[in-house]
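**Student:**
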Amino acid sequence: MNLFNKEEVLAVIKNWYDSFDSHAPIETYKSLLAQGELFIDLPPKPKTDFESFSTWYEENNKTFFDGKHTLKSIDISMEKETATAIIPLHWDVRMWTPGDAKSNELHLDMVTTITFVPDPETGAPRIQKYLSEE
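When the letters of the sequence shown are read in order and numbered with the working numbering, they come out as residues 91 to 224.
#1: The alpha helix (DSSP H) spanning Phe-140 covers which residue range?
#2: If you follow the alpha helix (DSSP H) that Lys-96 is part of, which residue opens it and which one closes it?
#3: Touch check for the segment 184-191 and the segment 208-216: three-plus C-beta pairs under 8 angstroms?
#4: With Pro-136 as the anchor, note down where its beta strand (DSSP E) starts and where it stops.
#5: Closest to Asn-150 by CA distance: which of Leu-161, Asp-199, Pro-134 and His-159 is it?
#6: Which of the three DSSP states, helix, strand or coil, is assigned to Lys-120?
#7: For Glu-195, which residues in the same chain have their Cβ closer than 7 angstroms to its Cβ, ignoring the five residues on either side in sequence?
#8: For Asp-131, I'd like the list of residues in its chain whose CB is within less than 7 angstroms of its CB, leaving aside the five on either flank, ordered along the chain.
#9: Which same chain residues, not among the five before or five after Ser-109, have their C-beta less than 8 angstroms away from its C-beta?
#10: Need the endpoints of the beta strand (DSSP E) that Lys-219 sits in, please.
#11: From this set, Asp-165, Thr-160, Asp-156 and Glu-141, which residue's C-alpha is nearest Gln-125's C-alpha?
#12: Report the three-state DSSP secondary structure of Thr-172 (helix, strand or coil).
#13: Give the DSSP-derived three-state secondary structure of Met-91 in the structure shown.
Below is the structure:
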């Protein structure tokens with residue numbers, strides 16, 4: 091029996107991408123990410139704990155802005171104690187490199203796979219693994 095349901099997983103997915111697009115405070119992610127072991131595969135290398143994700147996020151927010159993730163579809167498979175979501179998406183964003191006179195527009199299509207585990211205290215879904223492929 092699942093500790094959480096698809097609607098709860100969908101809510102975390104929406105919050106995750108809305109938080110990226112709005113540059114939400116890093117504390118927002120504490121309620122989205124699993125405690126302890128993480129594998130968040132974002133350039134330049136995977137993040138394996140909240141501290142490394144936090145450092146990456148703060149730096150990322152200095153470079154990328156005006157971002158919008160458009161989710162094309164969400165396919166969620168529920169297991170006994172986990173869930174996996176496969177999400178094809180499009181990301182429009184502006185990127186500024188320090189020293190450049192202007193920013194650049196990026197338009198990327200990718201597929202993300204997110205694995206959810208239950209929060210040990212509440213049973214709510216938390217992101218444990220995030221993989222992205224262009």
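For each residue, glycine too, the CB sits at the ideal point set by N, CA and C.
**Tutor:** Straight from the coordinates:
#1: Position 50 of the sequence shown holds residue 140. Secondary structure note for Phe-140: its alpha helix (DSSP H) is the uninterrupted segment 140-153.
#2: Position 6 of the sequence shown, counting from 1, holds the residue named residue 96. Counting along the chain, the alpha helix (DSSP H) containing Lys-96 begins and ends at 96-112.
#3: no
#4: Against the sequence shown, residue 136 aligns to sequence position 46. Element bounds for Pro-136: n/a, residue is neither H nor E.
#5: Translated into the one-based positions of the sequence shown, residue 150 becomes position 60. Of the listed residues, the one whose Cα sits closest to Asn-150 is Pro-134.
#6: Here residue 120 refers to the residue found at position 30 of the sequence shown. Three-state result, Lys-120: helix.
#7: By one-based count along the sequence shown, residue 195 stands at place 105. The answer, listed in chain order, is Arg-184.
#8: Here residue 131 corresponds to residue number 41 of the sequence shown, with the count starting at 1. Same-chain partners within the cutoff: Tyr-220, Leu-221 and Ser-222.
#9: The count along the sequence shown starts at 1 and reaches residue 109 at position 19. So the list reads Thr-118, Tyr-119 and Leu-122, once near-sequence residues are dropped.
#10: The residue given as residue 219 occupies position 129 in the sequence shown. Segment 215-223, the beta strand (DSSP E) holding Lys-219.
#11: Within the sequence shown, numbered from 1, the residue matching residue 125 stands at position 35. Ranking the options by Cα distance to Gln-125, first place goes to Glu-141.
#12: Taking the sequence shown and counting its residues from 1, one reaches residue 172 at position 82. Residue state, collapsed to three classes: coil.
#13: Taking the sequence shown and counting its residues from 1, one reaches residue 91 at position 1. With a pLDDT of only 48 at Met-91, under the threshold of 50, the placement of this residue in the model should not be trusted; the figure read from the coordinates follows. Note: Met-91 maps to coil in three-state DSSP.
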